[in-house]
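K.L.:
Letter 381 of the sequence shown, counting from 1, is numbered 381 in UniProt numbering, and no numbers are missing.
Even glycine gets a Cβ: it sits at the ideal position worked out from N, Cα and C.
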Amino acid sequence: MPGRVSRRSVLIGAALAGAAACGGPSEPAPRLRYPFTLGVASGEPAATGVVLWTRLAPDPLADDGLGGMPDRVVGVGWEIAADERFGDIVRRGTADAAPEFGHSVHIEADGLRPGAEYFYRFRAGEHLSPVGRTRTAPAAGAGIDALTMCFVSCAQYEHGYFTAYRRLAEDHPDLILHLGDYIYEYGPGGYPLDGGNVRAHVGPEAETLANYRQRYAQYKTDPDLQAAHAVAPWVPVLDDHEVDNNWAGYAYEKPQKPQPNFPARRAAAFRAYYENMPLRRAQLPRGGDLQLFRRLSWGDLATFHMLDTRQYRDAQACGGGTKDCPDRLTPTRTITGGDQERWLLDGFRDSRARWDILGQQVFFSELGTGHGRKNNTDAWDGYAANRDRVVDGWVRARVRNPVVLTGDVHSAWATDIKQRWDDPAAPTVGTELVATSITSGGDGSESTKATPAVLADNPHIKFHNNRRGYVRTRITPDAIHADFRAVPYVSTPGAPAETRASFVIVDRSPGLESA
């Protein structure tokens, strides 16, 4: 529309107009080149607060992972306002960006109004950051009319442009879940596409803290990813590529070829993940341990149970891969670990939410193919008894509406969850929505459903698509409306997004209905 002012231009204008106003450190900051090359982010919304994040990096791709910053603490000012132009500033303060944390800043802002929209920015020296938009969660028990939530996974920088992040930002969601593979650890060309990769990683395969910091910095310089971070609060969990492909607990991807430094590599990866995500102090890693399973409530509408299916799992059965593997049925095998499983089942029993949503990484529903029932042992199929206990737990607790959200598999799926997969008459007791990748796998194809053989073996599968994109949901007390959004290509920038399929999950009626 001619003459219309976009939200983006308003935010940029507010940043420029308010440069002199943003609170700064009490002592003069060292003179820096522009340090906000990685953008800003918010996350972990609670009823009265939210985490604000930035990381100073005037030379983001520096090989030492330090981003061109001096080896000293730098003061950073921050502000939160109720309006885009920062005419109504409600909170401000200063924080230290320290070299031991990669000069990242995690502000746990509190004292905010529940269920409210806010805008935030940072200042370091003479430089002002871009402006971000965030919001707090509604108060516990508050009645909520609707929540727009998008979820994403799997963004391989070398495989394409992050256009889907841009299209997601244009939807202006209230909340974004990232379900893993935010970065990929491979060195340049280590994960090749047929026909060649579109872009190239800087630096070697990530194994050290400097390597991981550099890799996050390269991803975060992408303007489409920055737009998605700036539009809404994120709730992230990691999967395998933030550390190493198909890692499991302290088991390296290739157990037949051990990597002696894997515990140190895992600790470095966890440290870099924390430094680059809008996480709370509760998620600060302690060596090789990172507390990522946690809950977030959205009034009385939804409880999000965010899971970690990497850190506590047993190694993949039968050496990994997709195969006929009877050992996957062993009752003691776990993908969650005992403590997380108990935490999850306790959460089901205590929940009073309309929707209980599991944000997690790998395919939950059974996906078996062929007469030998080949299953992916890296997914929940490789830990079948653990999955049965989780499903039985929400059935016994009479969870009103269980919904599982998934990433990892680089294609979109929608499935009904059966109480038992080996019983055709078993009831549908939940629903799974699987987001395709942002870029991983390249452009993809026009396939709109799984092959006839896969559908015949898995009648609970209702949708499959092999393009890149994300899932947009609108959650109301009566239903979840899910749109599978896709872009036709990622090999060049600027693709439009379209809805490839829409489904409705009706309150107290588990399973999928076409919208």
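Quick check: what's the CA-CA separation for Leu406 versus Ala353?
P.N.:
The count along the sequence shown starts at 1 and reaches residue 406 at position 406. The count along the sequence shown starts at 1 and reaches residue 353 at position 353. Per the sequence shown, residue 406 should be read as Thr rather than Leu. The alpha-carbon atoms of Thr406 and Ala353 are separated by roughly 20 Å.
K.L.:
Is the CB-CB distance between Leu279 and Pro233 below 8 Å?
P.N.:
Position 279 of the sequence shown, counted from the first residue, corresponds to residue 279. Position 233 of the sequence shown, counted from the first residue, corresponds to residue 233. Not closer than 8 Å, so no.
K.L.:
Hey, would you say Cys150 sits closer than 8 Å to Val471, going by beta carbons?
P.N.:
Residue mapping note: residue 150 aligns to position 150 of the sequence shown, counting from 1. Residue mapping note: residue 471 aligns to position 471 of the sequence shown, counting from 1. In this structure, Val471 lies closer than 8 Å to Cys150 by Cβ.
K.L.:
Please list, in chain order, all residues of the same chain as Leu329 whose beta carbon is under 6 Å from its beta carbon, the five residues on each side excluded.
P.N.:
As a first step, residue 329 is located in the sequence shown; it is residue number 329 there, counting from the start. Correct list, in chain order: Ala384.
K.L.:
Give the DSSP-derived three-state secondary structure of Glu275 in the structure shown.
P.N.:
Translated into positions along the sequence shown, residue 275 becomes position 275. Reduced to three states, the DSSP call for Glu275 is helix.
K.L.:
Smallest Cα separation from Leu32: which of Asn211, Ala47, Leu128 and Phe86?
P.N.:
Taking the first residue of the sequence shown as position 1, residue 32 is located at position 32. Ranking the options by Cα distance to Leu32, first place goes to Leu128.
K.L.:
From the DSSP output, in three-state form, read off Phe293 for me.
P.N.:
Start at 1 with the first residue of the sequence shown, and residue 293 comes out as number 293. Here Phe293 sits in coil by DSSP.
K.L.:
Closer than 7 Å by C-beta to Arg398: which residues in its own chain qualify, once you throw out the five before and the five after it? Chain order, please.
P.N.:
Within the sequence shown, the letter at position 398 stands for residue 398. Excluding residues within five positions, none has a Cβ falling inside 7 Å.
K.L.:
Assuming Leu455 is part of the alpha helix (DSSP H), what are its boundary residues?
P.N.:
Within the sequence shown, residue 455 is the residue found at index 455, counting from 1. Its alpha helix (DSSP H) spans residues Pro452 to Asp457.
K.L.:
Using a 10 Å radius around the Cβ and a threshold of 16 neighbouring Cβ atoms, would you call Thr492 buried or exposed?
P.N.:
Here residue 492 corresponds to residue number 492 of the sequence shown, with the count starting at 1. By the neighbour-count rule (16 or more Cβ atoms within 10 Å), Thr492 is not buried but exposed.
K.L.:
What separation, rounded to the nearest whole angstrom, lies between the Cα atoms of Thr48 and Leu345?
P.N.:
Indexing the sequence shown from 1 puts residue 48 at position 48. Indexing the sequence shown from 1 puts residue 345 at position 345. Rounded to the nearest angstrom, the two C-alpha atoms are 27 Å apart.
K.L.:
Evaluate the contact criterion for the segment 135-149 versus the segment 186-205: three or more CB pairs, one atom per stretch, below 8 Å.
P.N.:
Result no; under three Cβ-Cβ pairs closer than 8 Å.
K.L.:
Taking Ala515 as the reference, which of Ser509, Phe503 and Arg508 has the closest Cα?
P.N.:
Along the sequence shown, read from residue 1 onward, the residue named residue 515 stands at position 515. Nearest C-alpha to Ala515: Phe503.
K.L.:
In terms of residues, what are the limits of the beta strand (DSSP E) holding Thr309?
P.N.:
Counting from one through the sequence shown, the residue named residue 309 turns up at place 309. Run containing Thr309: none; DSSP gives neither H nor E here.
K.L.:
Just how far apart, CA to CA, sit Gly24 and Tyr219?
P.N.:
The residue you call residue 24 lines up with position 24 of the sequence shown. The residue you call residue 219 lines up with position 219 of the sequence shown. At Gly24, the pLDDT of 46 sits below 50, so the modelled position is not reliable; the number obtained from the coordinates is stated separately. Gly24 and Tyr219: Cα-Cα distance of roughly 28 Å.
K.L.:
Measure how close the beta-carbons of Gln311 and Asp378 come, nearest whole angstrom, since I'm counting them as under 8 Å.
P.N.:
To locate residue 311, count along the sequence shown from 1; it is residue 311. To locate residue 378, count along the sequence shown from 1; it is residue 378. That pair is no contact at about 14 Å.
K.L.:
Helix, strand or coil: how does DSSP classify Val391 here?
P.N.:
What you label residue 391 is simply residue 391 of the sequence shown in a count that begins at 1. Val391: helix per DSSP, three-state reduction.
K.L.:
Beta carbon of Glu44, beta carbon of Val235: below 8 Å?
P.N.:
Walking along the sequence shown from the start, residue 44 turns up at place 44. Walking along the sequence shown from the start, residue 235 turns up at place 235. Yes, they are a contact pair.
K.L.:
How is residue 525 classed by DSSP in three states: helix, strand or coil?
P.N.:
What is shown of the chain runs 1 to 515, which leaves residue 525 out entirely.
K.L.:
Return helix, strand or coil for Thr163, following the three-state DSSP convention.
P.N.:
Within the sequence shown, residue 163 is the residue found at index 163, counting from 1. It is helical.
K.L.:
Quick one: does the C-beta of Gln360 sit closer than 7 Å to a heavy atom of the ligand NAP?
P.N.:
This structure simply doesn't include the ligand NAP, nor any ligand for that matter.
K.L.:
Checking 8 Å against the spacing of the C-beta atoms, do Val152 and Ile505 come in under that value?
P.N.:
Translated into positions along the sequence shown, residue 152 becomes position 152. Translated into positions along the sequence shown, residue 505 becomes position 505. No, the pair does not count as a contact, with Cβ atoms beyond the cut-off.
K.L.:
In the DSSP assignment, find the unbroken beta strand (DSSP E) run with Tyr470 in it and report its ends.
P.N.:
Position 470 of the sequence shown, counting from 1, holds the residue named residue 470. Here the beta strand (DSSP E) through Tyr470 covers Arg468 to Ile475.
K.L.:
For the beta strand (DSSP E) that contains Val487, what are its first and last residues?
P.N.:
For this step, residue 487 is matched to residue 487 along the sequence shown. Note, Val487: beta strand (DSSP E), Ala479 to Val487.
K.L.:
Rounded to a whole number of angstroms, what is the C-alpha to C-alpha distance between Gln156 and Ala251?
P.N.:
Here residue 156 refers to the residue found at position 156 of the sequence shown. Here residue 251 refers to the residue found at position 251 of the sequence shown. Each residue's Cα considered, the two are about 23 Å apart.
K.L.:
How many angstroms separate the CA atom of Arg500 from the CA atom of Ala435?
P.N.:
The sequence position of residue 500 within the sequence shown is 500, counting from 1. The sequence position of residue 435 within the sequence shown is 435, counting from 1. If I take the Cα positions, the gap works out to 12 Å.
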